[in-house]
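Using this note's numbering, read the sequence shown as starting at 962 and increasing by one per residue.
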Amino acid sequence: LGENVCCSTQSFKIARDVCQKLKVPHYIFDVSTEFKEQVIDYFIKELKNKKTPNPCIICNRYLKFKKLFEWAKEYNIKYVATGHYARLRREIPSSKSQIPKYQLLRAKDKEKDQTYYLSFLPQKWLKNIVFPLGDYTKPEIYKIAKKYNFNVFLKQKESQDFCFVAGKSMKCFLEKEIGTKTGLIKDKKGNILGKHQGLHFYTIGQRKGINLPGGPYFVLKIDKRKNILIVTKDEKKLCQKQVFVSHCHFTSGTPPQKKIQVQAKIRYRQELSRATLTPISKTKIKLVFNKPQRAVTPGQFAVFYQKDVCLGGGKIII
C-alpha cells in the first residue's frame, strides 16, 4: 500500500543514525500486533459503521504512550519524551495534601500544535512526559538541527497521511479490507442522481470522488440503513452550531459541573472557535458554537480549550 514518510524503512535508518551520532542506544520495540488490534481494526470497524474515525487520537491513548511507558518501566526509566508539538505545566496545589495536576498546553507553534491528538492522555502519564519541542517553532527546530549538523531532517517531507497507509493507497486499502457495496446517490428531496461504490469511501462535507455531472456536490448525510449517500450543492447546508459529544475525557480528571465558555475544534486542521460547553453526564456534553461549523462528522473528535489549556475531548455523535 506504499510507505508513509513517518513509518518508512528510511525513518528507522534516520533514527538509528541520530542515536549513533548522539552516542545513545537505539531500540526497536515491535508493537505491530497490538497496532493492528487497537488502531487498524478500530479504523475499519468505524468505517463499516459509516463513521469517520480518528486513528491518531486512539493510537496515542491506547497504544503509543501505553507501550512507551511499559517499555520505560521495564528499564527503570521515569520519563518518556516524544517529538510532539505540545507543552505541559504543573499546577501548584492549594494544600500540601493535594496531589499536583498537570495541564496540557498548546505549543508555541500554533500551526504545528498537536494537543488535539493528545487530548485523551490521562494524568498518570502527563506527569512523566516531556515535550522538548513545545517551546519552539518548527523553523527554530530546523535551525537547531542545522547548527548541530542533523541535516537529514531538513530534507524530510512532512507526512499528511495515516501512518499505516499512504495517500492514494487509501482507496485500495478500503477495497481490500471492506470491499465495495453499490448504493444510490440522492439529493435531499430524494431525487436519484447516481450510484456510489460504498459509503465507507465518503465522509460528511466531502467533495472529491462523488463524480456527478452538474456539480460540485458535497456529502450532506450518510444513510447507513438504506445504503444511500445524500448530497447537496448548497455548502451552507453543511453548517450547524450544536454538537453532541460522548466518551468525553478531561485531562484534569474532573469533568466540569456546570456550563462553561470554551474554544473548540471538530478536526485537527481547524482554527479554534468560541463555544458554550454544557455537561449532560460525566462522559457526555453539548457544544453550542457561536458560529456555525462546517461538516460536523460523527466518529470524529471535538477537543475543547480555555486559552492555551487543552481541557480534553470527546467523540462526536451528532
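Using N, Cα and C, we set each Cβ at its ideal position, and we do this for glycine too. Note that the structure is predicted; figures quoted are calculated from it, not measured.
Straight-line gap, D1074 to I1018 (C-alpha atoms, nearest Å) = 14 Å
Beta-carbon contacts of F1211 that lie in its chain and below 8 Å, excluding the five residues immediately before and after = P1217, L1272, G1273
Compare the C-alpha of K1182 against each of G1176, G1175, P1174, R1168 and name the closest.
-> R1168
Inter-residue CB distance, I1227 and Q1254 (contact presumed, cutoff 8 Å) = 6 Å
What is the DSSP secondary structure of A976, reduced to helix, strand or coil?
-> helix
Are Q1203 and K1247 close, meaning C-beta to C-beta below 9 Å?
-> yes
So, helix, strand or coil for L1029, using DSSP?
-> Note: L1029 maps to helix in three-state DSSP.
In whole angstroms, what is the alpha-carbon distance linking V985 and V1192?
-> The C-alpha of V1192 is placed about 55 Å away from the C-alpha of V985.
Going by alpha carbons, who is nearest to A1263 out of V1206, R1230, V1270, K1220?
-> V1206
Which residue from Y1229, T1244, Q1222, R1230 puts its Cα closest to that of T1237?
-> Q1222
Would K941 pass as a contact of T1143 if the rule is Cβ separation under 9 Å?
-> Residue 941 lies beyond the range of the chain shown here (962 to 1279); nothing can be said about it.
Report the residue from C1209, K1025, I1171 whose alpha carbon sits nearest the alpha carbon of S1242.
-> C1209
Work out the CA separation of F1134 and L962 for me, nearest whole Å.
-> Only weak support exists for where L962 lies, its pLDDT of 47 falling under 50; the coordinates are left without a value.
Whose C-alpha, out of I1146, Y1077, K1069, is nearest the C-alpha of Q1224?
-> Y1077
Rounded to whole angstroms, what's the CA-CA distance from N1112 to L1087? Just pull it up for me.
-> 31 Å
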